[in-house]
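What follows is a single structure, written as structure tokens, with notes after it.
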Amino acid sequence: MSMTPLQESPLDPRQAVYETVLPAGEHWMHLIQKGQTFRIIDLEGNQAVDTLFYNAHDYSERYSAVDTIREQGNVYLSTGSPLLSSEGNTMLVITADTCGRHDTLGGGCSAESNSVRYPRETRYMHNCRDTFMQGLLQWGQGMDKREITHNINFFMNVPISPEGKSTFADGISEPGKYVEMRAEMDVICLISNCPQLNNPCNAYNPTPVRLLIWD
Amino acid sequence: MTVTPDTILFEEIMPGGWNRSLILKRGTALRLTDIEGGANLSALFYNAHNTTERYNMPDTLKAQFISCISKGNVCYSDMGRILVSIIDDGCGWHDTISGLSNAATNQRKYGSSPYQSARNSYYRNGFDALLLELAKHGMGKRDLIAPVNFFTKIAVDTAGDLAFITGNSPAGSYVDLQAEMDTLVVLCSCPHPMDPRPDYGPGPVKLTVWNSGIAPEQNPCRSFCAQNQRGFMNTIEYHL
Numbered sequence: 002m003s004m005t006p007l008q009e010s011p012l013d014p015r016q017a018v019y020e021t022v023l024p025a026g027e028h029w030m031h032l033i034q035k036g037q038t039f040r041i042i043d044l045e046g047n048q049a050v051d052t053l054f055y056n057a058h059d060y061s062e063r064y065s066a067v068d069t070i071r072e073q074g075n076v077y078l079s080t081g082s083p084l085l086s087s088e089g090n091t092m093l094v095i096t097a098d099t100c101g102r103h104d105t106l107g108g109g110c111s112a113e114s115n116s117v118r119y120p121r122e123t124r125y126m127h128n129c130r131d132t133f134m135q136g137l138l139q140w141g142q143g144m145d146k147r148e149i150t151h152n153i154n155f156f157m158n159v160p161i162s163p164e165g166k167s168t169f170a171d172g173i174s175e176p177g178k179y180v181e182m183r184a185e186m187d188v189i190c191l192i193s194n195c196p197q198l199n200n201p202c203n204a205y206n207p208t209p210v211r212l213l214i215w216d
Numbered sequence: 083m084t085v086t087p088d089t090i091l092f093e094e095i096m097p098g099g100w101n102r103s104l105i106l107k108r109g110t111a112l113r114l115t116d117i118e119g120g121a122n123l124s125a126l127f128y129n130a131h132n133t134t135e136r137y138n139m140p141d142t143l144k145a146q147f148i149s150c151i152s153k154g155n156v157c158y159s160d161m162g163r164i165l166v167s168i169i170d171d172g173c174g175w176h177d178t179i180s181g182l183s184n185a186a187t188n189q190r191k192y193g194s195s196p197y198q199s200a201r202n203s204y205y206r207n208g209f210d211a212l213l214l215e216l217a218k219h220g221m222g223k224r225d226l227i228a229p230v231n232f233f234t235k236i237a238v239d240t241a242g243d244l245a246f247i248t249g250n251s252p253a254g255s256y257v258d259l260q261a262e263m264d265t266l267v268v269l270c271s272c273p274h275p276m277d278p279r280p281d282y283g284p285g286p287v288k289l290t291v292w293n294s295g296i297a298p299e300q301n302p303c304r305s306f307c308a309q310n311q312r313g314f315m316n317t318i319e320y321h322l
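Taken in sequence, the protein lines are chains G and S. Residue numbers 2 to 216, in our numbering, belong to the letters of the first sequence in order. Residue numbers 83 to 322, in our numbering, belong to the letters of the second sequence in order.
Structure, rendered in structure tokens:
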């Protein structure tokens, strides 16, 4: 498996201006200002962190997986990846990454997609798109289901084959691995810390992550 | 799939670079034909009765363990249901992961050719063309999702690098989409942004709608995988 070389960050967590721990199954929605750096730390390993970004001043401009993939010419995200908006603007750039690969094609789990992918009784399980929805409804500002698009799955590995196949592979992250990105515009970040119990993306064990912001 | 003239409800040639939309009723099917070869037809799918339910690229890929679509595959909505199924395909690979051209990609590649000088041959891009068509249905930028790019092949190597594969769709290639729900289909025939041809020259696509009937039990899309069987069950439940 080809991977981007790992890149550590010089930033000191003691200098961060914001810090929180987000348990599995919870949402987090927060402004990240242009120039700020945002770090997600996989505290216990193999956690999938489903993440969406919106232009803080115009929510109709949002992270676009397909524009990001096409313009960087590669399906995986790592250090150096610019995260592009639906309008082709750079929202953030990944500046450090000790994991090496992040997915943006797998999307977020939902009650409805679980009922397709797994036995039908999995419809009644906590899932990412309901968590995104809770975040959006709490945030208000007229945001609704239409805001839930293809997201980034930090720390998740979804290999694509030359034959046009895709699979969900075991997690490649470990406790303490992190990914860090610098905001190139004011963005609102919406995270669902994935509660998925049916696939190996988080080793069937959803765990908390730590979020840090530096000025 | 043989389409007999007496079952055809609608037929039209869509020139390269344009946009249009149509409602595909459950039990009808749409054939897209790449008349000259090398066309790109970007498509979005919505539940015609509730457009907040729409084609979902990640759900489509992960339910079927694919990264492109072809015969036997279906296009899932974000509600675990099937909007359209690919009942026949003379091409074999349709892109789902690389999005649309926009004003900037067009400008970078082709330069400028406005209406004033080029009349109806002016350079049009996928983002603006689909947005125009969405606006006719009361939708906007929030509804512009990742499209399927029919006839386009974007290969991904083991390192994850993308490549545009020329010659994926010879003249006369077609793909048949059967509506499993009443589906709003929004189309544009603008060039794919990774198409290496230096000149702006998008190809025409023929649209043929015919009465195909509801997918039978032995539909190859239904038996493609256990996931699709559950997807069809969800879709049947919706029509109870």
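Think of the CB as a built atom: it goes at the ideal place given N, C-alpha and C, for glycine as much as any other residue.
Counting the other CB atoms within 10 Å of its CB gives G/Val18 a total below 16, which places it among the exposed residues. Interface with chain G (8 Å Cβ-Cβ cutoff): S/Phe147 is included. For G/Ile41, the uninterrupted beta strand (DSSP E) run begins and ends at 38-43, by DSSP. Distance between G/Pro14 and G/Leu213, taken at the CA atoms: about 7 Å.
In the displayed model, G/Val67 falls within a helix according to three-state DSSP.
If you keep only unbroken beta strand (DSSP E) runs of at least 3 residues inside the stretch 161-208 of chain S, you get 164-171.
Taking the CA atoms as reference points, S/Thr89 sits about 5 Å from S/Asn293. In the DSSP assignment, G/Ser114 falls within the alpha helix (DSSP H) that extends over 112-118. Between the stretch 43-59 of chain G and the stretch 84-98 of chain G, the count of C-beta pairs closer than 8 Å reaches three or more; the two stretches touch. Annotation: G/Met182 to G/Ile192 spans about 15 Å, alpha carbon to alpha carbon.
In summary, G/Ile161 is buried, with 16 or more beta-carbon neighbours lying within 10 Å of its beta-carbon over all protein chains present. Under the three-pair Cβ rule at 8 Å, the stretch 190-207 of chain S does not count as touching the stretch 219-230 of chain S. For the stretch 257-269 of chain S, no residue has a beta-carbon sitting nearer than 7 Å to a beta-carbon of chain G. Chain S places a beta carbon closer than 8 Å to that of G/Gly165, counting this residue as a contact. At least one CB of chain G lies nearer than 8 Å to the CB of S/Asp239. Listed along chain G is no residue with a C-beta nearer than 7 Å to that of S/Leu322; the closest approach is about 15 Å.
For S/Tyr320, the three-state secondary structure derived from DSSP is helix. At a cut-off of 8 Å between C-beta atoms, G/Arg147 counts as an interface residue with respect to chain S. Interface with chain G (8 Å Cβ-Cβ cutoff): S/Ser180 is included. Neighbours of G/Val188 in chain S, taken as residues whose beta carbon is under 7 Å from its own, are absent, since the nearest beta carbon is some 16 Å off.
In the structure shown, S/Phe314 adopts helical secondary structure according to DSSP, grouped into three states. Under a criterion of Cβ atoms nearer than 8 Å, no residue of chain G is adjacent to S/Thr234; the nearest Cβ is some 11 Å distant.
Straight-line measurement puts the Cα of S/Pro298 at about 19 Å from the Cα of G/Val117.
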